[in-house]
Amino acid sequence: MMKKIGIIGGLGPESTLDYYKGIIDAFKADYEQTGYPEICIESVDLKTFVGYANNDEWDKVIRILAEKSERLKNIGCEFGVIASNTPHRVFNKIAKKTTLPLISIVETTCYYASILGLKKLCLLGTRFTMSSDFYQKVFEKKGIELVVPDKDEQDYIQEKLFSEIEFGIIRAETRHGLLKIYERILQDDQVEGLVLGCTELPLIIKPEHIEGAYIDPVAIHIEKIVEYCRS
């Protein structure tokens, strides 16, 4: 018997579609025997979320996402995920305010990187993710150092994420700009690979675009979701 999956999505919409498709794709090979799992999505308004984040009103983010989690619990979901990296800045506080078990994208990504034996990685994401330390705190426990871009580079990434990539707009010149940032860090800091710490970044940066380990938290998160659903 498969567990019913709850997804808190909308942050942003494009990557939420990837979560749904990725989970379904994982069950296609066994469809005749198992069918597909039940999946419920509670979508959050991206504009409202970004407004709260910009104003440092994380208490409101916690309240909204905890309420979304409880809604999923109340309609029968047995576990849930937040289909976005940035809200994991307050993941532990959200988890304490809901009775729905939540699987962390940061914890699962860290475990994956540690299994590969990696010790130093570049982290790209939203400005909220890169300027905070919630990723670093988890990775440090496994002895993994994360290097982030400088302030100007963070501003560039933030602008491109929220004016283009979040809307599914993929431009070659933007990809070039993002890769230039990674390549500088690769050269200056001798990192071993790249963590795509925003769920939209895999839409524009693919494994063949980079030198080093390609760490896609979305794919890793989906794999864990499927594993837990089947358990």
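Residues 16 to 246 (the numbering used here) make up the sequence shown, in order. Ideal placement from N, C-alpha and C gives every residue a C-beta, glycine not left out. In this text, all values refer to a predicted model and were calculated from it rather than measured experimentally.
Check your understanding: Exposed or buried, residue 226, counting other C-beta atoms within 10 Å across all chains shown (16 or more means buried)?
Key -> exposed
Point to revise | the ligand GTP heavy atom lying under 6 Å from the CB of residue 145 | key: Ligands are entirely absent from the displayed structure, and the ligand GTP is therefore not among its contents.
Review point. What span of residues does the alpha helix (DSSP H) with residue 178 cover, start to end?
Key: 166-178
Practice item. Whole angstroms is fine: what's the gap from residue 42's alpha carbon to residue 33's? Key: 14 Å
Point to revise | residue 228, enclosing beta strand (DSSP E) - first and last residue | key: 228-230
Practice item. Using the DSSP secondary-structure output, state which residues sit across from residue 94 in a beta bridge. Key: 20
Check your understanding: So, do the stretch 84-102 and the stretch 116-126 have three or more beta carbon pairs nearer to each other than 8 Å?
Key -> yes
Review point. Where does the unbroken alpha helix (DSSP H) through residue 61 begin, and where does it stop?
Key: 61-69
**Study point:** Beta-ladder partner(s) of residue 56, from DSSP
**Key:** 22
Check your understanding: Should residue 150 and residue 136 be called a contact, given that it needs their Cβ atoms to be closer than 7 Å?
Key -> no
Check your understanding: If you count every other CB in all the chains shown that lies within 10 Å of the CB of residue 84, and 16 or more means buried, which is it?
Key -> buried
Point to revise | Bounding residues of the beta strand (DSSP E) (the contiguous stretch that carries residue 137) | key: 135-140
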